[in-house]
Structure formats: C-alpha cells, structure tokens
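The UniProt record's numbering applies: residue 1 is where the sequence shown begins, and numbers increase by one. Below you'll find the structure, written out as structure tokens, and then a few comments.
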Amino acid sequence: MTEIGTPATAAAGEGLSTRPLSQGDRVIDTFIAPTKTFTDILRDQSWWFPFLIMLVIGYGFVFAVEKRVGWDQVLENALKTNTSQADQINNAPVEQRPVVRSRMVASYRYISYAFPVFVLFYWVLASAVLLGTLNFGFGGQAKYRQIFAVFVYAGLPGSIKSVLSIIVLYAGLSGESFQLQNPVGTNLGYYLPTDSPKWLLSLGSSLDVFTIWTVVLLIIGSSIVAKVKRGSAAVAVVGWWILLTMVSVGFAAFQG
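Pasting the structure below:
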C-alpha cells in the first residue's frame, strides 16, 4: 500500500522484465506489492477475477444483511437519519403509509442486490474522467482499458470492509444499530452521534480507512499505466476525490 516513493516509469520498466502474473498473483499483489499488479496491467487489462471476488463477497454481505437484520429494520434505521424519507411516510395519507413504507423496503432490497450494475456504471464514468485528466491534463499515455482495470483492482480493499461487516453482523451486532451505508467502524462518521449534522456525518464517513487505501492504489496504478509522475497522479486522483467529497457533503448539508 505504501509504494508511493517509487518512480512510475522505473517501476514499469522493472515490472515488464519479470514473469507475467497470474490472475491470483495480481489480486494478492494488490495488497502486498501493488506496483507489480499495476505494471502487469500494461501487459493484460483483464479484470474479471477481482470483480468476481468483489461480486461474491458483496452478495455475501447483502445476504447477511437480509438474514441478520432484515430490510424492514434497515429502513427503520435509515429513517432515524434520513428525514426526507421519514417525511414521505409521515406526509402520506394514513391509509397509504404502509404502501409507501413497503415500496421503500423493496427499493432498499432491490438496489442492494443490483449493486454490481451501479459499481460498473461508476467505474465506466470514473475511468473516462480520470483518463481525460491524466492524458490531457498531465500528458499521460494511458488507455481506457488500463485505467478501468486499475479502478477494479483498486476497489479490492472494499471487499475487506464487506468481510468485516459480515463478521460484525454474525458476531451479534444489534440490528437496531446497523446502518447499511456505514456498516462497520472504519471511518470517523461511524462514531459520531446519529443526531449530528448530516454534512458532518457525510464528511466523517468519507474519511474511511478503506477509501483512503483505494485512493492510494489509484494513485499508484494510474501513475504506472499513464506513465506520469506519482505526484501528478496524486493531484488528479486526490483532486477528484476531494471534489466528490465536497459535493456529497454539500448535498447532505442541503438535506438538513
């Protein structure tokens, strides 16, 4: 996770002289020697194996939520902090409130099971944005498929967070205290009181150990495939991350 000090071009040249990595090697090296994984992406841009791992673990998390918490309880917990959803129920005619609540429960369930679609859509857009930033803003030489593969591999730390969430659920976490959007205490937002300002909860949640890990991997990977300095890659990646965080915090503040 900490190979930032190695020049990208030197790492790429060194990596291309070694043996090609298997799909399993690339996944393992993402955690212990990320430069090797991202250098190998210059040779092979396949990303199906890490995505398959994330798919299996992700559905394991969704299954754990359904069995250990239940979607009705997920909604009930969300209503404690999501005043807009609570208002939709409270402002509906009394006879329609069960219908509104039922639709909300269904939406949480269906969206959770459809998470691969949303993840892929995000990667498609984010890869295009980062590609343009690196190639046109910093004179990079990345190809879209390379950047896309970098995003997939950089997302692997999120699977560790999902595994931790599954463990916490089966270890006996109370369903009443479970938050679908923030299931485990790997960020500052998790430890803030639920009645804290929404913008503060959003900001605290963005300061997540695994999110930062992913950002570091994106910096390493994008610098290698785009053949730019680590500092330039850091400006591009961190710049977009800060912008997205500010938008999220601003939206939360607007909601009250």
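Where is the CB? At the ideal position from N, CA and C, for every residue including glycine.
Item	Value
Determine the DSSP secondary structure at residue 283, reduced to helix, strand or coil.	The chain is shown from 1 up to 256; residue 283 falls before or after that span and cannot be answered.
So, at 6 Å on beta carbons, what are the nonlocal neighbours of Gly158 in its own chain, with the 5 sequence-adjacent residues on each side left out?	Phe210
Inspect the beta-carbon positions of Tyr108 and Val74 and report whether they are closer than 8 Å.	yes
Helix, strand or coil for Asn187, going by three-state DSSP, please let me know.	strand
Does DSSP put Lys143 in a helix, in a strand, or in coil?	coil
To the nearest angstrom, how far is the alpha carbon of Asp72 from that of Ala233?	43 Å
Thinking just about the alpha-carbon of each residue, which of Asp40, Arg68, Ser46, Tyr59 is nearest to the one in residue 270?	Residue 270 is absent from the model: the chain starts at 1 and stops at 256.
Give the secondary structure of Val228 by DSSP, where H, G and I count as helix, E and B as strand, and everything else as coil.	coil
For the region 76-87 against the region 35-55, do three or more pairs of beta-carbon atoms, one drawn from each stretch, fall closer than 8 Å, so that the two count as touching?	no
What's the call for Ser196, buried or exposed, on a 16-neighbour Cβ count within 10 Å?	exposed
Pro50 and Tyr153 look like a contact to me (Cβ under 8 Å); what is the Cβ gap, rounded to whole Å?	5 Å
With three or more C-beta pairs closer than 8 Å as the rule, is the region 200-217 touching the region 182-189?	yes
Go to Ser102, then tell me how far its alpha helix (DSSP H) extends in each direction, as first and last residue.	97-113
Thinking C-alpha only, which one of Lys143, Asn182, Ile242 is nearest Gly221?	Lys143
Judging by CA-CA distance, which residue of Lys36, Val247, Ala226 is the nearest neighbour of Phe136?	Ala226
Go ahead and pull the three-state DSSP assignment for Gln23.	helix
Under the rule that 16 or more other beta-carbon atoms within 10 Å means buried, what is Gly140, buried or exposed?	buried
Let me know if Lys36 comes out buried or exposed under the rule of 16 or more other beta-carbons within 10 Å of its beta-carbon.	buried
How long is the line joining the alpha carbons of Ala33 and Ala92, rounded to whole angstroms?	55 Å
Below 7 Å CB to CB, which residues in the same chain sit around Ala126 once its five sequence neighbours on both sides are set aside?	Phe151
Quick test of your reading: Leu156 and Arg68, contact by CB under 8 Å. State the CB separation rounded to the nearest angstrom.	Between Arg68 and Leu156 the Cβ distance is about 24 Å, and since that is not below 8 Å, they are no contact.
When DSSP labels each residue in this structure, what does Thr18 get in the three-state scheme?	coil
Counting along the chain, where does the alpha helix (DSSP H) carrying Val163 start and finish?	157-170
Let's test the definition: count the other Cβ atoms within 10 Å of the Cβ of Gly172 and tell me whether it reaches 16, buried, or not, exposed.	exposed
Straight-line CA distance for Ser177 to Asn77?	7 Å
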